[in-house]
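Protein chains in written order, with our numbering: chain A, 5 to 317; chain B, 5 to 317.
2 protein chains.
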Amino acid sequence: MNRDYTQRLIVQEVAPRDGLQIEPQWVDTADKIALIDALSTCGFTRIEAGSFVSPKAIPALRDGDDVFRGIGRRPGVIYVALIPNAKGAERALAAHADELNLVMSASQMHNRANMRMSCEASLAGFGDIVRLVKGSRASLNATVATAFGCPFEGRIDEDRVVSIVDAYREMGIAGITLADTTGMANPRQVARLVERVLGRLPADALTLHFHNTRGLGLANVLAAYDAGARRFDAALGGLGGCPFAPGASGNICTEDLVNLCDEMGIPTGIDLQKLIALSRTLPALVGHDVPGQLAKAGRNCDVHPVPEYVKSI
Amino acid sequence: MNRDYTQRLIVQEVAPRDGLQIEPQWVDTADKIALIDALSTCGFTRIEAGSFVSPKAIPALRDGDDVFRGIGRRPGVIYVALIPNAKGAERALAAHADELNLVMSASQMHNRANMRMSCEASLAGFGDIVRLVKGSRASLNATVATAFGCPFEGRIDEDRVVSIVDAYREMGIAGITLADTTGMANPRQVARLVERVLGRLPADALTLHFHNTRGLGLANVLAAYDAGARRFDAALGGLGGCPFAPGASGNICTEDLVNLCDEMGIPTGIDLQKLIALSRTLPALVGHDVPGQLAKAGRNCDVHPVPEYVKSI
Chain A
5 MNRDYTQRLI
15 VQEVAPRDGL
25 QIEPQWVDTA
35 DKIALIDALS
45 TCGFTRIEAG
55 SFVSPKAIPA
65 LRDGDDVFRG
75 IGRRPGVIYV
85 ALIPNAKGAE
95 RALAAHADEL
105 NLVMSASQMH
115 NRANMRMSCE
125 ASLAGFGDIV
135 RLVKGSRASL
145 NATVATAFGC
155 PFEGRIDEDR
165 VVSIVDAYRE
175 MGIAGITLAD
185 TTGMANPRQV
195 ARLVERVLGR
205 LPADALTLHF
215 HNTRGLGLAN
225 VLAAYDAGAR
235 RFDAALGGLG
245 GCPFAPGASG
255 NICTEDLVNL
265 CDEMGIPTGI
275 DLQKLIALSR
285 TLPALVGHDV
295 PGQLAKAGRN
305 CDVHPVPEYV
315 KSI
Chain B
5 MNRDYTQRLI
15 VQEVAPRDGL
25 QIEPQWVDTA
35 DKIALIDALS
45 TCGFTRIEAG
55 SFVSPKAIPA
65 LRDGDDVFRG
75 IGRRPGVIYV
85 ALIPNAKGAE
95 RALAAHADEL
105 NLVMSASQMH
115 NRANMRMSCE
125 ASLAGFGDIV
135 RLVKGSRASL
145 NATVATAFGC
155 PFEGRIDEDR
165 VVSIVDAYRE
175 MGIAGITLAD
185 TTGMANPRQV
195 ARLVERVLGR
205 LPADALTLHF
215 HNTRGLGLAN
225 VLAAYDAGAR
235 RFDAALGGLG
245 GCPFAPGASG
255 NICTEDLVNL
265 CDEMGIPTGI
275 DLQKLIALSR
285 TLPALVGHDV
295 PGQLAKAGRN
305 CDVHPVPEYV
315 KSI
């Protein structure tokens, strides 16, 4: 089978947001800013840098305003903010976020658990945000969470996911993310859904967000890439995770993804060596080991010294 | 893209051999036998149950003879033994192993480090083993280790791998395993090499052995399956590992692989629920957490109870 691996794969780094949001140990605002500034030098064109949520809902990200005001804005990098509601959108615009990412789950149960409202209430709120953002320089993205499965409801009807994508686009939201919030997607399902959605919007408007909860994150990336998707979320060190699967992996790991691309010849524009060095600072920052494997194993080209005894054989 | 997922994927369980061989904590012979006997009830048709190596070289597997004599032989299950040399082959035949698996690295450096001899000396030894096994009821398999990369030499010439496959087959060894010993393979390379090798032998003679050292194990399985490979090694819990990448993952995890197949509709004949229950006994057996993710995350269909507060939204 001959496949085309020449098309650039765009990695949106999400460790500062989806990675840090469940960390129990507080990460200082200055450390968050230093992490984002270091990420800005690695070749990313998109970084989800923080969130404008209620400090009660996600205390780990309560300093979103200070983070967005404190980071150095590297030309060519789009700094994205996650937004739960109109109040968050106002704060994000005031802090000059380049892009606002809204989120609603395909599953009613999960949206109620996560956003504490029905999907209908979420969509109505999105209308307010679209009106608020119109005329600003910020762009809009909206995420369909649990697009590949729900930890409460199980399977999610693909027609429902597609109809939410249509609803987002009809509201004037340009960017769409399909999120496998708790790592339930499989490559066959991913290929099918990506093909359907890419019949409705251009590849540069679609982001795939995979978690590695069941070890399939990178296989899902390849299936989506083969089906035409070009933009993927990933978190340095594989930070993040799912409160419903303690001990299991979180987001797909950025350096593991970039290594995959480097080895297959898929261009990303990202400096893997810098990324690994940065990832190795994470355990000290968050106070525990992280799931990413490249930082432990090294790149393929980082060969090991031959043991002494071999020389006499 | 329409791919065929109806062909059975055969999983050869290797935890009792490749999984346990690097464990520092001694696992009692009775516990090894109990593990293999439990695996025999899960639907596997092939289990690599132990090794007949020098007790000095691999002390963790010094009880291969007792293990093979102690296990219950379930009809339909082939019990495989890893063999380093003719002496090991004699022991394996005496203990009634169904299949003997020989191993040599494609990389000279790795073969010297691992087998303490040159590739030429390894191949000469294989000739002795082939003569020894001829006339017995045991079948033969030979592994090309470091077939996708070497931790000392880096890239491995594909022509060299193919020529070793040819040499094995010319010696009368029916089964061939291509092993990614330290997790350096990528899906593009896997597809290419599998296609080449399947031009020389039937699919039921080829096994792929992947490690998840850099997070690509299951993506490599899918690439190999898409290219026509049907048989794969995997270890319960993802046991095993690479002494050159401490902290990184070992063999691909059996239950994670079976979950992938179940979700994609690829038949395996293996009972995932039994496998997960068995995997959850491993940390107590080996004295540490294991890398497999299904045992932590559960299957997709193991849905979680909806939080109380959701009911009032």
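From the three backbone atoms N, C-alpha and C, an ideal C-beta is built for every residue, glycine too.
_Top-ranked residue by Cα proximity to Ile-82 of chain A, from A:Pro-295, A:Ser-126, A:Gly-139 and A:Val-15_ = Sequence index remark: in the first sequence, residue 82 of chain A carries index 78 (1-based). Of A:Pro-295, A:Ser-126, A:Gly-139 and A:Val-15, the residue nearest in Cα terms is A:Val-15.
*In angstroms, rounded to a whole number, what distance separates the CA positions of Val-165 of chain A and Ala-183 of chain A?*
Locating residue 165 of chain A in the first sequence gives position 161, where the first residue counts as 1. Locating residue 183 of chain A in the first sequence gives position 179, where the first residue counts as 1. Rounded to whole angstroms, Val-165 of chain A to Ala-183 of chain A spans 11 Å at the Cα level.
*Compare the Cα-Cα distances from Phe-318 of chain B to each of B:Glu-52, B:Ala-64, B:Pro-88 and B:Lys-60 and report the closest residue.*
The first residue shown for chain B is 5 and the last is 317, placing residue 318 of chain B beyond what the model contains.
*Can Arg-234 of chain B and Gln-11 of chain B be called in contact, C-beta distance under 8 Å?*
Here the question's residue 234 of chain B lines up with position 230 in the second sequence. Here the question's residue 11 of chain B lines up with position 7 in the second sequence. Their beta carbons are under 8 Å apart, which means Arg-234 of chain B touches Gln-11 of chain B by this criterion.
*Below 6 Å CB to CB, which residues in the same chain sit around Arg-21 of chain A once its five sequence neighbours on both sides are set aside?*
Position 17 of the first sequence, counting from 1, holds the residue named residue 21 of chain A. So the list reads Glu-52, Gly-54, Ser-55 and Leu-86, once near-sequence residues are dropped.
_chain B contacts from the region 227 to 242 of chain A (Cβ-Cβ distance under 9 Å)_ = Ala-227, Asp-230, Ala-231 and Gly-242
_Exposure of Asp-187 of chain B, with buried meaning 16 or more beta-carbon neighbours within 10 Å_ = For the purposes of this step, residue 187 of chain B is taken as residue 183 along the second sequence, with counting starting at 1. Reading the sequence as shown, one finds Gly at residue 187 of chain B and not Asp. It is buried - the Cβ of Gly-187 of chain B has at least 16 other Cβ atoms within 10 Å.
*asked:* I need the boundaries of the alpha helix (DSSP H) containing Ile-37 of chain B, first residue and last residue.
replied: Position 33 of the second sequence, counted from the first residue, corresponds to residue 37 of chain B. Where Ile-37 of chain B is concerned, the enclosing alpha helix (DSSP H) stretches over 33 to 44.
*Between which two residues does the beta strand (DSSP E) harbouring Ile-180 of chain B extend?*
In the second sequence, residue 180 of chain B corresponds to position 176, counting from 1. From DSSP, the beta strand (DSSP E) with Ile-180 of chain B extends over 179 to 184.
*Does the beta carbon of Arg-284 of chain A sit closer than 8 Å to a beta carbon anywhere in chain B?*
Position 280 of the first sequence, counting from 1, holds the residue named residue 284 of chain A. No, Arg-284 of chain A lies away from the interface with chain B (no Cβ there is under 8 Å from its Cβ).
*Taking 8 Å as the CB-CB cut-off, is Leu-289 of chain B touching chain A?*
For this step, residue 289 of chain B is matched to residue 285 along the second sequence. By this cut-off, Leu-289 of chain B is not an interface position.
*Exposed or buried, Tyr-313 of chain B, counting other C-beta atoms within 10 Å across all chains shown (16 or more means buried)?*
What you label residue 313 of chain B is simply residue 309 of the second sequence in a count that begins at 1. Exposed is the call here.
*For Glu-162 of chain B, decide whether its Cβ has a neighbour in chain A, counting only Cβ atoms nearer than 8 Å.*
The residue you call residue 162 of chain B lines up with position 158 of the second sequence. Closer than 8 Å to the CB of Glu-162 of chain B there is not a single CB belonging to chain A.
*Could you tell me whether the Cβ of Gly-54 of chain B comes closer than 8 Å to any Cβ of chain A?*
Here residue 54 of chain B corresponds to residue number 50 of the second sequence, with the count starting at 1. Output row for Gly-54 of chain B: interface = no.
*Confirm, please, whether the CB-CB distance from Val-57 of chain B to Val-290 of chain B is below 8 Å.*
Translated into positions along the second sequence, residue 290 of chain B becomes position 286. Translated into positions along the second sequence, residue 57 of chain B becomes position 53. Contact: no.
_Distance between beta carbons of Ala-99 of chain B and Ile-67 of chain B, contact taken as under 8 Å_ = Your numbering for residue 67 of chain B matches position 63 in the second sequence. Your numbering for residue 99 of chain B matches position 95 in the second sequence. Reading off the sequence, residue 67 of chain B comes out as Asp, not Ile. The Cβ separation is near 11 Å, so there is no contact.
*What are the boundary residues of the beta strand (DSSP E) that includes Asn-105 of chain B?*
Numbered from 1 along the second sequence, position 101 holds the residue referred to as residue 105 of chain B. 103 to 109 is the span of the beta strand (DSSP E), which, as asked, contains Asn-105 of chain B.
_Going by DSSP, what residue range makes up the alpha helix (DSSP H) through Leu-212 of chain B?_
In the second sequence, counting from the first residue as 1, residue 212 of chain B sits at position 208. Careful: Leu-212 of chain B lies outside any alpha helix (DSSP H), inside the beta strand (DSSP E) at 210 to 214.
*The alpha helix (DSSP H) with Ala-171 of chain A in it runs from where to where?*
Your numbering for residue 171 of chain A matches position 167 in the first sequence. Unbroken alpha helix (DSSP H) run through Ala-171 of chain A: 162 to 174.
*In chain D, which residues lie less than 8 Å from Asn-190 of chain B when you measure between Cβ atoms?*
No chain D is present in this structure, whose protein chains are A and B.
*What's the gap between the Cα of Leu-222 of chain B and the Cα of His-215 of chain B?*
Position 218 of the second sequence holds residue 222 of chain B. Position 211 of the second sequence holds residue 215 of chain B. Leu-222 of chain B and His-215 of chain B: Cα-Cα distance of roughly 9 Å.
*Output the distance between the C-alpha atoms of Lys-315 of chain A and Asn-263 of chain B, rounded to the nearest integer angstrom.*
In the first sequence, counting from the first residue as 1, residue 315 of chain A sits at position 311. In the second sequence, counting from the first residue as 1, residue 263 of chain B sits at position 259. So the alpha carbons of these two residues sit roughly 44 Å apart.
*According to DSSP, which residues form a beta bridge with Asp-237 of chain A?*
As a working note, residue 237 of chain A is residue 233 in the first sequence. Partner(s): A:Gln-16 and A:His-213.
*Does DSSP put Thr-272 of chain B in a helix, in a strand, or in coil?*
The sequence position of residue 272 of chain B within the second sequence is 268, counting from 1. DSSP places Thr-272 of chain B in coil when its eight states are reduced to three.
_Which residue marks the beginning of the alpha helix (DSSP H) containing Glu-52 of chain B, and which one marks its end?_
On the second sequence, residue 52 of chain B is found 48 positions in, with the first residue counted as 1. Run containing Glu-52 of chain B: none in the alpha helix (DSSP H); it sits in the beta strand (DSSP E), 50 to 55.
*asked:* Just to make sure I have the definition right: I need the residues of chain B whose C-beta is within less than 8 Å of the C-beta of Ile-317 of chain A. Which are they?
replied: Along the first sequence, one-based indexing puts residue 317 of chain A at 313. Within 8 Å of the CB of Ile-317 of chain A, the CB atoms of chain B belong to Arg-116, Arg-120, Met-121 and Ser-122, in sequence order along the chain.
_Can you confirm whether Gly-254 of chain A, when its beta carbon is compared against all beta carbons of chain B, has any partner nearer than 8 Å?_
Walking along the first sequence from the start, residue 254 of chain A turns up at place 250. Interface flag for Gly-254 of chain A against chain B is unset, since no Cβ pair is found closer than 8 Å.
*Helix, strand or coil for Tyr-229 of chain B, going by three-state DSSP, please let me know.*
Locating residue 229 of chain B in the second sequence gives position 225, where the first residue counts as 1. For Tyr-229 of chain B, the three-state secondary structure derived from DSSP is helix.
*asked:* Within 8 Å of any Cβ in chain B, is that where the Cβ of Gly-23 of chain A sits?
replied: Taking the first residue of the first sequence as 1, we reach residue 23 of chain A at position 19. So, not an interface residue.
*Pull up the CB-CB distance for Leu-240 of chain A and Leu-286 of chain A, whole angstroms please, since I reckon it's below 8 Å.*
Numbered from 1 along the first sequence, position 236 holds the residue referred to as residue 240 of chain A. Numbered from 1 along the first sequence, position 282 holds the residue referred to as residue 286 of chain A. With a Cβ gap of about 7 Å, Leu-240 of chain A and Leu-286 of chain A count as contacting.
*Could you check how far apart the C-beta atoms of Arg-159 of chain A and Ala-301 of chain B are, in whole angstroms? I think they sit under 8 Å.*
In the first sequence, residue 159 of chain A corresponds to position 155, counting from 1. In the second sequence, residue 301 of chain B corresponds to position 297, counting from 1. The beta carbons of Arg-159 of chain A and Ala-301 of chain B sit about 16 Å from each other, so the pair does not count as a contact at 8 Å.
_Can you check whether the C-beta of Asn-304 of chain B is within less than 8 Å of a C-beta belonging to chain A?_
Here residue 304 of chain B corresponds to residue number 300 of the second sequence, with the count starting at 1. Yes - at least one Cβ of chain A is within 8 Å of the one on Asn-304 of chain B.
*With C-beta atoms as the reference, is Asp-102 of chain B less than 8 Å away from Ala-142 of chain B?*
Here the question's residue 102 of chain B lines up with position 98 in the second sequence. Here the question's residue 142 of chain B lines up with position 138 in the second sequence. Yes.
*List, in order along the chain, the chain B residues whose C-beta lies closer than 8 Å to that of Arg-200 of chain A?*
Within the first sequence, the letter at position 196 stands for residue 200 of chain A. Those within 8 Å of Arg-200 of chain A in chain B number zero; the least Cβ separation is about 13 Å.
*Does Met-5 of chain B get closer than 8 Å to chain A when you measure Cβ to Cβ?*
Taking the first residue of the second sequence as 1, we reach residue 5 of chain B at position 1. Its pLDDT being 49, under 50, Met-5 of chain B is placed unreliably in this model, and the coordinates cannot settle the point.
*Pull up the CB-CB distance for Ala-189 of chain A and Leu-220 of chain A, whole angstroms please, since I reckon it's below 8 Å.*
Against the first sequence, residue 189 of chain A aligns to sequence position 185. Against the first sequence, residue 220 of chain A aligns to sequence position 216. Their Cβ separation, rounded to whole angstroms, is 7 Å, which keeps Ala-189 of chain A and Leu-220 of chain A in contact under 8 Å.
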